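Enquirer: Using UniProt numbering, the letters of the sequence shown map in sequence onto residues 1 to 692.
Ideal Cβ positions, reconstructed from N, Cα and C, are used throughout, including at glycine.
Computed from a predicted structure; not experimentally measured.
Handing you a structure now.
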Amino acid sequence: MSDYLVIVESPAKAKTIERYLGKKYKVKASMGHVRDLPKSQTGVDTENDFKPKYITIRGKGDILKELKSAAKKAKKVYLAADPDREGEAIAWHLAYSLNIDEDSQCRVVFNEITKDAIKESFKHPRSINKDLVAAQQARRILDRLVGYNISPLLWKKVKKGLSAGRVQSVAVKMIIDREKEIENFQPEEYWSIEANFMKEEETFEGSFYGVDNKKQQLKTENDVKEIQSKLKGKTFTIDKVNKRERKRNPAAPFTTSSLQQEAARKLNFRAKKTMMVAQQLYEGIDLGKKAGGITGLITYMRTDSTRISDTAKGEAKGYIEENHGKDYVGQWKKTKNKEGAQDAHEAIRPTSVMRDPKSLKTILSRDQLRLYKLIWERFLASQMAPAVMDTMTVHLLNNGVEFRASGSKVKFKGFMKVYVEGNDDNKKEENKFLPDLAEGMTVKAQDIIPNQHFTQPPPRYTEARLVRAMEEQGIGRPSTYAPTLDTIQRRGYVGIDNKRFIPTELGQIVTELLQEFFPEIIDVDFTVKMEGDLDSIEDGEANWVAILDSFYKGFHKRLEVAEEEMEKIEIKDEPAGIDCENCGHEMVYKMGRYGKFLACSNFPECRNTKPILKEIGVKCPKCKEGNVVERKSKKKRTFYGCDRFPDCDFVSWDKPISRPCPKCESLLVEKRSKKETQIQCTNCDYKESTQG
């Protein structure tokens, strides 16, 4: 019999914590929430202060029974769910189910799962924070009222299986608004003039700036010709050389949002995958007995704070000094969090910077190692000295026409020795050197080249861009980004094209209906205000019932109007241009859980369905009869197979190409990487490289 029972959410977390606490403690997992609102009904009494009807979640009966039995045998029960609103609510529901006094010192929280942090947290247990619980409960009820009232209406008026949600609907509208911007965009012509200058044996590039010390835009070809007519020969005089030293500061440690964005840029991770792998690193990895057994490798991964503990800063300073030298140690200033940040716990960082990625290479999976390395490098860089750049701008004159050339080189790498933040356009930063130039020198332009350009529309949202936009506008919170992006794709409201979101016809129809009958649901300002209200509840500054009441009064009236006035919309199936091989009726495109598919228009009499196959112009190398087609796995990964499946089971993750191997006549495939695309034979050692 154990003296103390500790309850956490997951078995992995339980296993890690139990090791640190010793024999007197038994740690069990609740597997997340044990109580929730019922799935079969709204479960909220809107006539009685929005009283929720909580029930034991289906499948959790045996777990709860086991926890009750263990709680009866223990002297004391500690509830150690995650340190956020959701974790506080899990603890509150457990306290109710296990008959634990919520005002007793039963709640334990920690930001990292390490021996010292766990032991310290159990020295300072507290009561359940009812304001945190109220904030979570308000969000849950609010989302239930929206979802369970609007969704059935959409089922009735549009199509079964649809849903509407407070945050997801705003995200879809943002994607649709961006698509409209792109469609309505009117490109504008503009020109540039580039020159290649030579000083002795060295060349450098410059661009037209203006005339007579005034910056000038080139809008038409005539503007370019006018500038060209002013030039007298190709000799330019260096009028001015500006040299200066510029410091570049490191990026702050990761928040949930910045981690999701950077993992998308550098690792090609979806937001959902980033959070899943981060959860594994947080809950604990078995490092082996010599390295301390099961250990949490990163701090809590749902945070909007860039704050770092003094202990972590001190450890980083020692590591930087020892491995890179004193000059690389940063002079820390307090990092400023974004407006509206809750700052409940630290930024995402390694639990020990001494545990470098190389030491974990044989222990972590590939994805775990890549994400850990990203977190480790970002944190270490954030504590390092700024990089120092020598910059140089040169003004070149020819009869009053001014060109400018600029360059920079790294004088001191600082944090850049470890890590440089990515960007959404995947542009690599390069040193751009200029030769040693001085005022009064003359240089010759080898080429003066005019270039026509057109302004480009704003880019479609990638996951990283959408997360950043949601964070900047105050939509959602760290825990909501990944599930929101996942939901809008599963519902078929948006699709993915070249890793960018595009709205579907269904998404546009639903958004237009919401815009007409429930404008507040997809209004960014309203959603931001609601997030602020939830924060006020958490801070104990607002009453959750009053917040819900102020929302529901108007919402309920709109719901009644929509029931009466919303017209039924029929989404016609798009003809596929082929006939059903079973009954001869026309096949049509339909939208399913995993995207579009082909179905017989004679449904339900004929239930024939087929995946949409994209031919790549290659005969099947196995059966010689079928054609190789592009397919999608359930995880949306592209692969290639024979269109005669299941009669032919040819399959390949690499794209086959039409010509045979020149060496052995076998199948050639494309092997893609970030750097290049390589063509390889599947039978012999023949290889050839093409541009990536």
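(1) Measure the CB-CB distance between residue 724 and L94 and report whether it falls below 9 Å.
(2) How many Å lie between residue 693 and K358 at the Cα?
(3) Could you check which residue in A164, A381, D304, P503 has the C-alpha nearest to that of E321?
(4) To the nearest angstrom, how far is it from the Cα of A271 to the Cα of E200?
(5) Does the beta-carbon of Y372 have 16 or more other beta-carbons within 10 angstroms, so that it is buried, or is it exposed?
(6) What is the DSSP secondary structure of G147, counted as helix, strand or coil?
(7) Identify, in the order they occur along the chain, each residue of the same chain with its Cβ nearer than 6 Å to the Cβ of G340, setting aside the five sequence neighbours on each side.
(8) Which value, in whole angstroms, describes the spacing of the CA atoms of Q342 and D304?
(9) Would you kindly check if the distance between the Cβ of M566 and the Cβ of D579 is under 9 Å?
(10) Return the chain-ordered list of same chain residues with a C-beta closer than 7 Å to the C-beta of P187, the five sequence neighbours on each side being excluded.
(11) How would you write the range of the beta strand (DSSP E) that N242 sits in, first residue to last?
(12) May I ask you to report which of helix, strand or coil DSSP gives W653?
(13) Could you tell me the boundaries of the alpha helix (DSSP H) in which T220 lies?
(14) Going by CA-CA distance only, name the one from K663, Y481, G495 that's closest to N683.
(15) Taking Cβ positions, are Y552 and F50 nearer each other than 9 Å?
(16) Could you check which residue in C623, F597, V618 has the C-alpha nearest to that of I612?
(17) Confirm the yes/no value for this check: CB of K290, any heavy atom of the ligand FMN, distance under 8 Å.
(18) According to DSSP, is L364 helix, strand or coil?
(19) Quick check on W92: buried or exposed, where buried means 16 or more other Cβ atoms within 10 Å of its Cβ?
(20) Within the chosen definition, does the segment 170 to 189 reach the segment 485 to 499 through at least 3 CB pairs nearer than 8 Å?
(21) According to DSSP, simplified to helix, strand and coil, what is residue 775?
(22) Looking at D3: is its Cβ nearer than 9 Å to the Cβ of K24?
(23) What are the boundary residues of the beta strand (DSSP E) that H93 is part of?
(24) Under 8 Å, with one C-beta from each stretch per pair, do the segment 82 to 90 and the segment 24 to 33 reach the 3-pair mark?
(25) Under 8 Å, with one C-beta from each stretch per pair, do the segment 144 to 157 and the segment 456 to 464 reach the 3-pair mark?
(26) Helix or strand or just coil, what does DSSP make of F555?
(27) With a 10 Å radius around its C-beta and 16 neighbouring C-beta atoms as the bar for buried, classify L256 as buried or exposed.
(28) Looking only at its own chain, which residues have a Cβ that is under 6 Å from the Cβ of K411, when we skip the five neighbours before and after it?
(29) Any contact of the segment 222 to 241 with the segment 430 to 445, i.e. 3+ C-beta pairs under 8 Å?
(30) Report buried or exposed for A12, applying the criterion of at least 16 other Cβ atoms within 10 angstroms of its Cβ.
(31) Measuring alpha carbon to alpha carbon, tell me which residue in D533, C620, A251 is nearest F415.
(32) How is G340 classed by DSSP in three states: helix, strand or coil?
(33) Need the endpoints of the alpha helix (DSSP H) that S121 sits in, please.
(34) Does the Cβ of G617 have 16 or more other Cβ atoms within 10 Å, making it buried, or fewer, making it exposed?
(35) Please state whether the Cβ-Cβ distance between V628 and S652 is less than 9 Å.
(36) Using 8 Å as the cut-off, can you tell me whether the segment 214 to 227 makes contact with the segment 188 to 199, which would need three or more C-beta pairs spanning the two stretches below that distance?
Expert: Working from what's here:
(1) What is shown of the chain runs 1 to 692, which leaves residue 724 out entirely.
(2) Nothing can be reported for residue 693: it is not among the residues displayed for the chain, which extend from 1 to 692.
(3) Taking the sequence shown and counting its residues from 1, the one referred to as residue 321 is at position 321. For E321, the nearest C-alpha among the options comes from A381.
(4) Taking the sequence shown and counting its residues from 1, the one referred to as residue 271 is at position 271. Taking the sequence shown and counting its residues from 1, the one referred to as residue 200 is at position 200. If you draw a straight line from the Cα of A271 to the Cα of E200, it is about 52 Å long.
(5) Within the sequence shown, numbered from 1, the residue matching residue 372 stands at position 372. Within 10 angstroms of the beta-carbon of Y372 lie 16 or more other beta-carbons, which makes it buried.
(6) On the sequence shown, residue 147 is found 147 positions in, with the first residue counted as 1. G147: helix per DSSP, three-state reduction.
(7) On the sequence shown, position 340 is the one that residue 340 refers to. Caution applies to G340, whose pLDDT of 48 falls short of 50 and renders its modelled position unreliable; the model cannot decide the point.
(8) Against the sequence shown, residue 342 aligns to sequence position 342. Against the sequence shown, residue 304 aligns to sequence position 304. With a pLDDT of only 46 at Q342, under 50, the local geometry of the prediction cannot be trusted, and the value read off the model is given with reservation. When rounded, the distance between both Cα atoms is 7 Å.
(9) Taking the sequence shown and counting its residues from 1, one reaches residue 579 at position 579. Taking the sequence shown and counting its residues from 1, one reaches residue 566 at position 566. It is not a contact, given that the beta carbons lie outside the stated cut-off.
(10) The residue given as residue 187 occupies position 187 in the sequence shown. Taking P187 as the centre and dropping the five residues before and after it, the same chain places the C-beta of F454, T455 closer than 7 Å to its C-beta, in chain order.
(11) Numbered from its first residue, the sequence shown carries residue 242 at position 242. Taken as a continuous stretch (DSSP letters only), the beta strand (DSSP E) holding N242 covers 235 to 248.
(12) The residue you call residue 653 lines up with position 653 of the sequence shown. In this structure, W653 counts as coil in the three-state DSSP scheme.
(13) Within the sequence shown, the letter at position 220 stands for residue 220. Looking at the DSSP string, T220 is not in any alpha helix (DSSP H), and its letter there is neither H nor E.
(14) If you number the sequence shown from 1, residue 683 lands on position 683. Comparing Cα positions, the closest option is K663.
(15) Reading the sequence shown from its first residue, position 552 is the one you call residue 552. Reading the sequence shown from its first residue, position 50 is the one you call residue 50. The Cβ-Cβ distance between Y552 and F50 falls below 9 Å.
(16) Within the sequence shown, the letter at position 612 stands for residue 612. The shortest C-alpha separation from I612 is found at F597.
(17) This structure simply doesn't include the ligand FMN, nor any ligand for that matter.
(18) Stepping through the sequence shown from its first residue, residue 364 is reached at position 364. DSSP places L364 in the coil class of the three-state scheme, outside both helix and strand.
(19) Along the sequence shown, read from residue 1 onward, the residue named residue 92 stands at position 92. W92 should be labelled buried.
(20) Under the three-pair Cβ rule at 8 Å, the segment 170 to 189 counts as touching the segment 485 to 499.
(21) Lying outside 1 to 692, the shown extent of the chain, residue 775 is not represented and no answer is given.
(22) Reading the sequence shown from its first residue, position 3 is the one you call residue 3. Reading the sequence shown from its first residue, position 24 is the one you call residue 24. Closer than 9 Å, so yes.
(23) Your numbering for residue 93 matches position 93 in the sequence shown. Boundaries around H93 are those of the alpha helix (DSSP H), 85 to 97, since no beta strand (DSSP E) includes it.
(24) Pairwise C-beta distances place the segment 82 to 90 in contact with the segment 24 to 33, as three or more of them are shorter than 8 Å.
(25) Using a C-beta cut-off of 8 Å, the segment 144 to 157 makes no contact with the segment 456 to 464, since fewer than three inter-stretch Cβ pairs fall below that distance.
(26) One-based indexing of the sequence shown puts residue 555 at position 555. Helix at F555.
(27) By 1-based counting over the sequence shown, the position of residue 256 is 256. The sequence shown places Thr at residue 256, not Leu. Burial is judged here by how many other beta carbons sit within 10 angstroms of a residue's own beta carbon; T256 has at least 16 and is buried.
(28) Numbered from its first residue, the sequence shown carries residue 411 at position 411. Counting only Cβ-Cβ distances below 6 Å, and skipping sequence neighbours, we find V388, D390.
(29) In this structure the segment 222 to 241 touches the segment 430 to 445; the number of beta carbon pairs closer than 8 Å is three or more.
(30) On the sequence shown, position 12 is the one that residue 12 refers to. Buried.
(31) As a working note, residue 415 is residue 415 in the sequence shown. When each option's Cα is compared against that of F415, the closest is A251.
(32) Against the sequence shown, residue 340 aligns to sequence position 340. Residue placement at G340 is flagged as unreliable, the pLDDT there being 48, under the threshold of 50; the coordinate-derived value follows with that caveat. Reduced to three states, the DSSP call for G340 is coil.
(33) Start at 1 with the first residue of the sequence shown, and residue 121 comes out as number 121. From DSSP, the alpha helix (DSSP H) with S121 extends over 115 to 121.
(34) Walking along the sequence shown from the start, residue 617 turns up at place 617. Around the beta carbon of G617, fewer than 16 other beta carbons sit within 10 angstroms, so the residue counts as exposed.
(35) Within the sequence shown, numbered from 1, the residue matching residue 628 stands at position 628. Within the sequence shown, numbered from 1, the residue matching residue 652 stands at position 652. Between V628 and S652, the C-beta gap is smaller than 9 Å, which places the two residues in contact.
(36) For the pair of segments examined, the segment 214 to 227 was found to touch the segment 188 to 199: the number of CB pairs separated by less than 8 Å reaches three.
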